[in-house]
Amino acid sequence: MPQLLDLMRVLEAAAPLAYQESYDNAGLQCGDPQLEVRGVLIALDCTLAVVDEAIRRGCNVVVAHHPLIFKPLKRLTGANEVEQTLLKAIKNDVALYAAHTNLDNVAHGVNRKLADKLGLENGRILDPKSGLLGKLITYVPATHTTAVLAALYAAGAGQVGQYSECSFRSEGTGTFTPGADTSPFQGTPGQPETAREDRVEVLLPLHLQRSALAALRAAHPYEEVAYEIIKLENSHQDVGSGFVGELPEALSPAEFRQRLRAALGVPVVKYTDFERPIKKVALCGGAGSFLISRARAAGADAYVTGDLKYHEYFGAEGRLMLCDVGHFESEQFTGEIFQDLLAANFGSTFAVLIAQTLTNPVRYDF
0 MPQLLDLMRV LEAAAPLAYQ ESYDNAGLQC GDPQLEVRGV LIALDCTLAV
50 VDEAIRRGCN VVVAHHPLIF KPLKRLTGAN EVEQTLLKAI KNDVALYAAH
100 TNLDNVAHGV NRKLADKLGL ENGRILDPKS GLLGKLITYV PATHTTAVLA
150 ALYAAGAGQV GQYSECSFRS EGTGTFTPGA DTSPFQGTPG QPETAREDRV
200 EVLLPLHLQR SALAALRAAH PYEEVAYEII KLENSHQDVG SGFVGELPEA
250 LSPAEFRQRL RAALGVPVVK YTDFERPIKK VALCGGAGSF LISRARAAGA
300 DAYVTGDLKY HEYFGAEGRL MLCDVGHFES EQFTGEIFQD LLAANFGSTF
350 AVLIAQTLTN PVRYDF
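265 is the number that numbering that gives the first Met the number 0 gives to position 266 of the sequence shown; each next residue is one higher, with no gaps.
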């Protein structure tokens with residue numbers, strides 16, 4: 000049977016923990032990484048009722064979007080529902096795992112799923128993050144350049160948007176004098192040597208630095224491998240907040256709101272007045288008021304999110320229609336991401352179930 004650690008590797012390859020926001024607490028909340036996975040229950044929130052459902056349905060792992068432990072716990076006495084939920088999970092050997100803003104921030108994550116439900120085309124990250132990429136430079140004898148590059152690609156380097164195995168190389172001459180106790184790939188200890196080498200450059204997500212360097216050293220023929228890693232300020236176009244795309248055809252504001260209600264199954268859409276047709280749409284699952292100005296700058300006609308406060312509606316400035324569909328409602332399809340990912344990697348090895356428990360605390364009365 001796969002272990003919890005195997006499941007974590009799959010989830011974190013898709014949504015690296017390095018991409019979560021500084022305030023977040025994604026990852027394993029409780030549980031033994033060596034636990035054999037019998038079944039996984041997927042939920043937006045991990046509540047006491049969700050853990051009860053997991054136990055009842057024979058699942059010993061709960062994968063949720065929102066972390067149960069968000070603020071540090073000073074004690075574990077069952078004084079509130081968070082502590083009660085954690086205690087029940089521990090007592091029943093149920094592991095709890097969360098993928099939160101790290102799943103929000105990847106191009107194939109929560110916001111892309113919402114965009115797909117709305118039928119948006121030509122999509123991209125609304126606010127790409129910078130400072131996540133580095134340039135790895137190394138020097139390789141020409142006979143081993145292909146093998147070294149293959150190892151770096153396998154470790155996650157050389158990806159530029161939708162292009163893989165990207166690199167740059169230039170020819171040059173390396174000089175060195177092997178020490179007395181060395182076993183050089185080329186040359187004689189104590190004798191100056193020159194070698195025809197390739198300077199190889201690849202882009203590298205910085206959170207993969209350790210594995211990439213291990214791959215480099217394993218594939219490189221030299222005892223001492225020369226390399227440089229330079230942190231870049233380039234925006235990472237596949238990592239960031241929000242999403243923006245276009246409808247297949249322009250809709251009136253009323254038609255667009257009807258599309259929202261139908262696609263998301265929401266009874267209410269809170270919105271600002273807007274008279275022009277809606278073609279370009281920006282969105283952010285959850286609480287997304289921080290991206291209103293980015294949506295305006297992107298030229299969006301509408302911005303869809305949740306949890307807007309009264310004064311934040313003035314941020315539309317008449318330049319776009321703000322649509323608040325609710326926090327839960329904007330993230331309700333997140334479970335499909337987890338389900339598809341686990342099914343693709345583990346098949347029918349264990350059950351992967353969507354929770355039947357409704358965790359949305361908000362009710363509507365008409």
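Don't be surprised by glycine CBs; every beta carbon is placed ideally from N, CA and C.
Asked, Found
"Neighbourhood of residue 150 by C-beta distance below 8 Å, restricted to the same chain and skipping five residues each side", "214, 215, 217 and 218"
"Straight-line gap, residue 180 to residue 346 (C-alpha atoms, nearest Å)", "52 Å"
"Per DSSP, the bridge partner or partners of residue 129", "234"
"Bridge partners - residue 7, DSSP secondary structure assignment", "Answer by DSSP bridge pairing: none, since residue 7 is not bridged."
"For residue 61, the nearest candidate out of 136, 355, 364 and 365 (CA to CA)", "355"
"Residue 317 classed as buried or exposed, judged by whether at least 16 other C-beta atoms fall within 10 angstroms", "exposed"
"Backbone secondary structure at residue 124 - three-state DSSP", "strand"
"Residue 366 versus 110, 193 and 142, residue with shortest Cα-Cα distance", "Here the chain covers residues 0 to 365 and nothing more, so residue 366 does not appear."
"Residue from 175, 141, 139 and 134 with nearest C-alpha to residue 155", "134"
"Beta-carbon proximity of residue 63 to residue 81, cut-off 9 Å", "no"
"Assigned secondary structure, residue 89 (DSSP; H/G/I helix, E/B strand, else coil)", "helix"
"Classification of residue 145 by the beta-carbon crowding that lies within 10 angstroms, buried from 16 upward", "exposed"
"Sub-9 Å separation of residue 9 and residue 340 beta-carbons", "yes"
"Simplified DSSP assignment, three categories, for residue 323", "strand"
"Exposure label - residue 170; buried when at least 16 CB within 10 Å", "exposed"
"Within the region 37-93, ranges of the beta strand (DSSP E) (whole runs, at least 3 residues)", "38-44 and 60-65"
"First through last residue of the alpha helix (DSSP H) which encompasses residue 152", "144-153"
"Pick from 42, 358, 205 and 251 that is closest to residue 351, judged by C-alpha positions", "42"
"Integer Cβ distance of residue 244 from residue 114, believed to fall under 8 Å", "5 Å"
"Under 9 Å between C-beta atoms of residue 251 and residue 291", "no"
"Whole runs of the alpha helix (DSSP H) within the region 330-358, excluding any shorter than 4 residues", "333-345"
"Per-residue burial, residue 288 [other beta carbons within 10 Å of its own, 16 or more giving buried]", "buried"
"Spatial neighbours of residue 141 in its chain, beta-carbon cut-off 6 Å, leaving aside the 5 residues before and after", "195 and 197"
"CA nearest to the CA of residue 295, picked from 89, 47 and 279", "279"
"Pick from 124, 321 and 85 that is closest to residue 44, judged by C-alpha positions", "85"
"For residue 75 and residue 95, believed in contact at Cβ under 8 Å, the rounded distance", "No, residue 95 and residue 75 are not in contact; Cβ-Cβ is about 13 Å, not under 8 Å."
"Beta-carbon spacing of residue 126, residue 293 below 9 Å", "yes"
"Buried or exposed (CB count within 10 angstroms, at least 16 for buried), residue 229", "exposed"
"Beta-carbon spacing of residue 183, residue 221 below 9 Å", "yes"
"Run of the beta strand (DSSP E) containing residue 254, from where it starts to where it stops", "Per DSSP, residue 254 belongs to no beta strand (DSSP E); it is in the alpha helix (DSSP H), 252-263."
"Presumed contact (8 Å Cβ cut-off) between residue 47 and residue 83, rounded CB distance", "6 Å"
"Where residue 364 falls, given that 16 or more other Cβ within 10 Å makes a residue buried", "exposed"
"Assigned exposure category for residue 281 - 16 Cβ within 10 Å defines buried", "buried"
"Cβ separation of residue 283 and residue 334, assumed to be a contact under 8 Å, to the nearest whole Å", "Contact flag wrong, Cβ pair sits at about 18 Å."
"For residue 204, the residue or residues it bridges with in DSSP", "132"
"Beta-carbon separation (whole angstroms), residue 267 vs residue 128, contact threshold 8 Å", "Not confirmed; about 32 Å, so no contact."
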